[in-house]
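Shown next, in structure tokens, is the structure this report addresses.
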Amino acid sequence: MEVLRRYFQLGPDQSFGIKEFIQLDFLPEQFVTGKVAAINAINSLFVVDGFAQFYIILILIAGLACCTLAHAYIHDYKDNKEELYILLLIAIAGGMLLVCAQNMTSFFIGLELLSVPTYGLLAYTHERSKALESGIKYMVLSATASASILMGMAFLYAYSGTLDFRQLGEVLVRTLHAPLAVTGVGLILVGVSFKLSLVPFHRWTPDVYQGAPAPVATFLATVSKVAVLALLLRFLFSSGALAMEGTRIVLTVIAVLSVIIGNLLAVRQVNIKRLLGYSSIAHLGYILIAIVVAGTASLPTVNIYLVAYVLTTIGAFGVVALMSSPYDGDEAESLADYRGLFWRRPVLTAVLTVMMLSLAGIPLTAGFIGKFFVILSATTGGAWYLLAVVILGSAIGLYYYLRVLVVLYMTPAKTKGLDAQGNWGTQAGGVVVLLCSLLVLILGVYPAPLLALAAMARF
449 MEVLRRYFQL GPDQSFGIKE FIQLDFLPEQ FVTGKVAAIN AINSLFVVDG FAQFYIILIL
509 IAGLACCTLA HAYIHDYKDN KEELYILLLI AIAGGMLLVC AQNMTSFFIG LELLSVPTYG
569 LLAYTHERSK ALESGIKYMV LSATASASIL MGMAFLYAYS GTLDFRQLGE VLVRTLHAPL
629 AVTGVGLILV GVSFKLSLVP FHRWTPDVYQ GAPAPVATFL ATVSKVAVLA LLLRFLFSSG
689 ALAMEGTRIV LTVIAVLSVI IGNLLAVRQV NIKRLLGYSS IAHLGYILIA IVVAGTASLP
749 TVNIYLVAYV LTTIGAFGVV ALMSSPYDGD EAESLADYRG LFWRRPVLTA VLTVMMLSLA
809 GIPLTAGFIG KFFVILSATT GGAWYLLAVV ILGSAIGLYY YLRVLVVLYM TPAKTKGLDA
869 QGNWGTQAGG VVVLLCSLLV LILGVYPAPL LALAAMARF
């Protein structure tokens, strides 16, 4: 009652925060001491700096887009719809905690808060056997990856005696080749590589993307990857793990394999969701190349590439969601469903065309700006072999992205296939994909705001 009385005396417009609360003279000393200790403990687990703010905004935008796409997607769903939004919001909260983590405890809490709701999201349309299969498959493999991360944390704690990233970095810098430290960092990289679908831990990606509802596949490809990548960046740069020669070698090999194998496997796909899944593997490989070459100086490049990737992926998967009729038993995942789409839905075709061109890194799109800065990083760092990998991967990617475009403008099939609703552009999901395509073009022509924003997102 005393707290309420003080609050109303101050008035709602005056500050009454934690500092003022613990200074109230009627509170017992033990309570105040415990309160301060709790605040200090939270501050040691999480940090909200410019880097975290940038990634929180990116996660919120991508999460809002996923919720909007899901609204149209489950409109005709006969069971309860609320659970989907609850699971999405919990997972988004986990991603936000993850990008603020500066301690291995908060790292693991945020990671699990992001991962566990995803199991239910993947299997949400459980009437479809593929959705149920993707949920179970992701649950089993994700739990294995989490166990690897937890074991790595145990090794690092046994070696350093601390869970804090920066304190861990001070220890690792002095002894870079200690077996316990190398093993711990290696196990964490294995688990994180799984979450990011990096080769050779990528085998689950196309199957899960294919079975997942289109808005959930969008979530996996954007929010989940953005949050885990932000965590990886903070861990590598704050803990000093990137200074270990073994870490750089492993990350270089993973990056090269992800670019080459991701693009090669996408070439033979006739399922657009599997194609986008393999494509995401290659794009994470490009980002990893910039990290390996430039270290902390790669942050602006990574930020630029991620914004372009998120906008483009939301747009591409958004078109799939708008074309799908999951409760009639079908999702628009086969390329045959998109044959001659231009003659039925010219504006929707234009949106998907912009997204494919951006993923391919064609000039005047945001994807080109991101790819340009990755190439610039490799050139500046003198990593000519990695530059060759980026160019080769981009050339392979150009082939299968253009193959999708050819299908869009072909003569329509005689049999009627899946199609978007006639008023798709006035629906919430339609507005999202239109905005994404517009932003992809604007940032491709005038990237200055994106460059300024990316430069501000630092530790």
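Numbering (the numbering used here), first residue to last: 449 to 907.
Using N, Cα and C, we set each Cβ at its ideal position, and we do this for glycine too.
Inter-residue CB distance, L646 and I702 (contact presumed, cutoff 8 Å):
Locating residue 646 in the sequence shown gives position 198, counting from the first residue. Locating residue 702 in the sequence shown gives position 254, counting from the first residue. Yes, they are in contact, since the Cβ atoms of L646 and I702 sit about 5 Å apart, within 8 Å.
Backbone secondary structure at A549 - three-state DSSP
Here residue 549 is taken as the residue at index 101 of the sequence shown, counted from 1. Reduced to three states, the DSSP call for A549 is strand.
Take the Cβ of S577 as the centre, count every other Cβ of all protein chains shown within 10 Å, and call the residue buried at 16 or more, exposed below.
Taking the sequence shown and counting its residues from 1, the one referred to as residue 577 is at position 129. Classification for S577: exposed.
So L846 and A784 are in contact, right, with Cβ under 8 Å, and what is the actual spacing, rounded?
Residue numbering aside, residue 846 sits at position 398 when the sequence shown is read from its first letter. Residue numbering aside, residue 784 sits at position 336 when the sequence shown is read from its first letter. Not really, about 22 Å apart at Cβ, beyond 8 Å.
Among F907, R622, A626 and E781, which residue has its Cα nearest to the Cα of Q717?
Position 269 of the sequence shown holds residue 717. Of F907, R622, A626 and E781, the residue nearest in Cα terms is E781.
Taking 8 Å as the cut-off, does the CB of A510 come closer than this to any heavy atom belonging to the ligand PLP?
What this structure holds is no ligand at all, so the ligand PLP is not there to describe.
Which one or two residues does DSSP pair with S782 in a beta bridge?
One-based indexing of the sequence shown puts residue 782 at position 334. Paired residues: N719.
Taking the alpha carbon of V656 as the point to measure from, which residue in F820, G829, V715 and N719 has its own alpha carbon closest?
For the purposes of this step, residue 656 is identified with residue 208 of the sequence shown, where counting begins at 1. Here the closest residue by C-alpha is N719.
So what does DSSP say about D612, is it helix, strand or coil?
Sequence index remark: in the sequence shown, residue 612 carries index 164 (1-based). Three-state DSSP puts D612 in a strand.
Alpha helix (DSSP H) segment containing L644, residue limits
Your numbering for residue 644 matches position 196 in the sequence shown. No residue range can be given for L644, since it is assigned to no alpha helix (DSSP H) and is classified by DSSP as neither H nor E.
Excluding five sequence neighbours on each side, which residues of the same chain lie with their C-beta closer than 7 Å to the C-beta of G617?
Against the sequence shown, residue 617 aligns to sequence position 169. Beyond the five residues adjoining it in sequence on each side, G617 comes within less than 7 Å, by CB distance, of S686, S687 and G688 in the same chain, given in chain order.
So, under 8 Å CB-CB, V638 and S596 are touching, yes? Tell me the CB distance rounded to an integer number of Å.
Residue numbering aside, residue 638 sits at position 190 when the sequence shown is read from its first letter. Residue numbering aside, residue 596 sits at position 148 when the sequence shown is read from its first letter. Contact between V638 and S596 is confirmed by a C-beta separation of about 5 Å, below the 8 Å threshold.
What residues match up with F494 in a beta bridge as DSSP calls it?
Counting from one through the sequence shown, the residue named residue 494 turns up at place 46. Note: F494 sits in a beta bridge opposite A549.
When DSSP labels each residue in this structure, what does M904 get in the three-state scheme?
Within the sequence shown, the letter at position 456 stands for residue 904. Helix at M904.
Using the Cα positions of L835 and A675, report the straight-line distance between them to the nearest angstrom.
The residue labelled residue 835 in the question sits at position 387 within the sequence shown. The residue labelled residue 675 in the question sits at position 227 within the sequence shown. Spanning the two alpha carbons is a distance of roughly 26 Å.
Alpha carbon to alpha carbon, how far is M599 from F556?
The residue given as residue 599 occupies position 151 in the sequence shown. The residue given as residue 556 occupies position 108 in the sequence shown. Each residue's Cα considered, the two are about 11 Å apart.
Taking only three categories from DSSP, how would you classify H574?
Numbered from 1 along the sequence shown, position 126 holds the residue referred to as residue 574. Here H574 sits in coil by DSSP.
Three-state secondary structure (DSSP) of F469:
The residue you call residue 469 lines up with position 21 of the sequence shown. Its pLDDT being 42, under 50, F469 is placed unreliably by the model, and the measurement read from it follows with that caveat. Correct three-state label for F469: helix.
From which residue to which residue does the alpha helix (DSSP H) around I762 run?
In the sequence shown, the residue the question calls residue 762 occupies position 314. Its alpha helix (DSSP H) spans residues L747 to M771.
Is the beta carbon of P661 closer than 9 Å to that of L569?
Stepping through the sequence shown from its first residue, residue 569 is reached at position 121. Stepping through the sequence shown from its first residue, residue 661 is reached at position 213. Yes, they are a contact pair.
Between the C-alpha atoms of G659 and P648, what's the straight-line distance to the nearest angstrom?
Translated into the one-based positions of the sequence shown, residue 659 becomes position 211. Translated into the one-based positions of the sequence shown, residue 648 becomes position 200. Each residue's Cα considered, the two are about 21 Å apart.
For T813, which three-state DSSP category applies?
Position 365 of the sequence shown, counted from the first residue, corresponds to residue 813. Three-state DSSP puts T813 in coil, outside helix and strand.
With a cut-off of 9 Å, does the C-beta of F685 fall near any C-beta of chain D?
No chain D appears in the structure shown, which is made up of a single protein chain.
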